[in-house]
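The opening position of the sequence shown corresponds to residue 45 in this note's numbering, with each subsequent residue numbered one higher. Beta carbons are placed, not taken as given, at the ideal position from N, Cα and C, and that holds for glycine. These numbers were taken from a predicted model, which means no experiment stands behind them.
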Amino acid sequence: MSDVIASGVLDGLLESLSRCLDLESARRVAEFRIAASVQERVDALAERANEGLFSDVERAEYEAFVNASDLIAILKLKALRTLESNPGA
(Lines of atoms letter the chains of each structure in order from A and count residues from 1; the text may use other names and numbers.)
(Lines give C-alpha, C1' and ligand atoms only; values in the text may rest on other atoms or scores of the structure.)
Protein backbone atom coordinates (compact mmCIF):
# COMPACT_ATOMS: atom_id res chain seq x y z
CA MET A 1 0.00 0.00 0.00
CA SER A 2 1.41 3.40 -0.90
CA ASP A 3 2.18 5.93 1.82
CA VAL A 4 -0.50 8.27 0.45
CA ILE A 5 -3.20 5.60 0.61
CA ALA A 6 -2.05 4.43 4.04
CA SER A 7 -2.09 8.02 5.30
CA GLY A 8 -5.63 8.49 4.01
CA VAL A 9 -6.80 5.28 5.67
CA LEU A 10 -5.17 6.30 8.94
CA ASP A 11 -6.70 9.77 8.73
CA GLY A 12 -10.17 8.28 8.24
CA LEU A 13 -9.81 5.91 11.17
CA LEU A 14 -8.51 8.62 13.46
CA GLU A 15 -11.30 11.00 12.44
CA SER A 16 -13.82 8.66 14.06
CA LEU A 17 -11.61 8.21 17.10
CA SER A 18 -11.08 11.95 17.53
CA ARG A 19 -14.83 12.50 17.75
CA CYS A 20 -14.73 10.52 21.01
CA LEU A 21 -12.53 13.14 22.67
CA ASP A 22 -14.08 15.52 25.16
CA LEU A 23 -12.43 18.93 25.42
CA GLU A 24 -10.12 17.97 28.30
CA SER A 25 -8.97 14.86 26.44
CA ALA A 26 -8.42 16.90 23.29
CA ARG A 27 -6.27 19.35 25.29
CA ARG A 28 -4.20 16.53 26.74
CA VAL A 29 -3.69 14.93 23.32
CA ALA A 30 -2.74 18.30 21.79
CA GLU A 31 -0.16 18.88 24.54
CA PHE A 32 1.31 15.38 24.37
CA ARG A 33 5.10 15.18 24.02
CA ILE A 34 7.14 12.03 23.82
CA ALA A 35 9.45 11.24 26.70
CA ALA A 36 13.01 12.51 26.42
CA SER A 37 14.36 8.96 26.62
CA VAL A 38 12.22 7.92 23.65
CA GLN A 39 13.34 10.96 21.64
CA GLU A 40 16.96 10.13 22.42
CA ARG A 41 16.45 6.60 21.09
CA VAL A 42 14.79 7.89 17.91
CA ASP A 43 17.67 10.34 17.42
CA ALA A 44 20.24 7.57 17.91
CA LEU A 45 18.46 5.35 15.39
CA ALA A 46 18.22 8.22 12.90
CA GLU A 47 21.95 8.83 13.24
CA ARG A 48 22.69 5.15 12.63
CA ALA A 49 20.41 5.24 9.59
CA ASN A 50 22.26 8.25 8.18
CA GLU A 51 25.56 6.45 8.70
CA GLY A 52 24.25 3.30 7.02
CA LEU A 53 24.75 1.23 10.17
CA PHE A 54 21.19 -0.03 10.69
CA SER A 55 20.61 -3.64 11.67
CA ASP A 56 17.33 -5.26 10.61
CA VAL A 57 16.09 -5.03 14.19
CA GLU A 58 16.98 -1.33 14.40
CA ARG A 59 15.27 -0.67 11.07
CA ALA A 60 12.08 -2.31 12.34
CA GLU A 61 12.27 -0.33 15.59
CA TYR A 62 12.81 2.94 13.72
CA GLU A 63 9.92 2.22 11.34
CA ALA A 64 7.69 1.52 14.35
CA PHE A 65 8.65 4.91 15.81
CA VAL A 66 7.93 6.63 12.50
CA ASN A 67 4.54 4.93 12.16
CA ALA A 68 3.61 5.76 15.75
CA SER A 69 4.73 9.37 15.21
CA ASP A 70 2.50 9.65 12.15
CA LEU A 71 -0.48 8.35 14.12
CA ILE A 72 0.21 10.72 17.02
CA ALA A 73 0.68 13.72 14.71
CA ILE A 74 -2.63 13.13 12.95
CA LEU A 75 -4.48 12.62 16.23
CA LYS A 76 -2.90 15.78 17.67
CA LEU A 77 -4.05 17.79 14.64
CA LYS A 78 -7.57 16.45 15.05
CA ALA A 79 -7.51 17.31 18.76
CA LEU A 80 -6.37 20.85 17.91
CA ARG A 81 -9.21 21.14 15.39
CA THR A 82 -11.66 20.08 18.12
CA LEU A 83 -10.28 22.74 20.45
CA GLU A 84 -10.35 25.43 17.74
CA SER A 85 -13.99 24.67 16.96
CA ASN A 86 -14.87 25.17 20.66
CA PRO A 87 -12.97 28.38 21.52
CA GLY A 88 -15.08 29.37 24.52
CA ALA A 89 -15.06 25.98 26.18
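Cβ separation of residue i and residue j, assumed to be a contact under 8 Å, to the nearest whole Å
| i | j | result |
| --- | --- | --- |
| Leu121 | Ala70 | With a Cβ gap of about 11 Å, Leu121 and Ala70 do not count as contacting. |
Identity of the residue in the options nearest residue i by Cα
| i | options | result |
| --- | --- | --- |
| Asn130 | Ser113, Asp55, Asp66 and Ser60 | Asp66 |
| Gly56 | Asp87, Ile118 and Asn94 | Ile118 |
| Asp81 | Phe109, Leu115, Arg125 and Ala123 | What sits at residue 81 in the sequence shown is Ser, not Asp. Nearest of Phe109, Leu115, Arg125 and Ala123 to Ser81, Cα basis: Phe109. |
| Ala123 | Glu59, Val53 and Leu54 | Glu59 |
First through last residue of the alpha helix (DSSP H) which encompasses residue i
| i | result |
| --- | --- |
| Asp100 | Asp100 to Glu128 |
| Arg85 | Ala80 to Asn94 |
Through-space distance from residue j to residue i, alpha-carbon basis
| i | j | result |
| --- | --- | --- |
| Ile78 | Asn111 | 14 Å |
| Ser99 | Arg92 | 9 Å |
| Glu102 | Leu89 | 7 Å |
| Glu68 | Gly96 | 43 Å |
Which of helix, strand or coil DSSP assigns to residue i
| i | result |
| --- | --- |
| Arg77 | coil |
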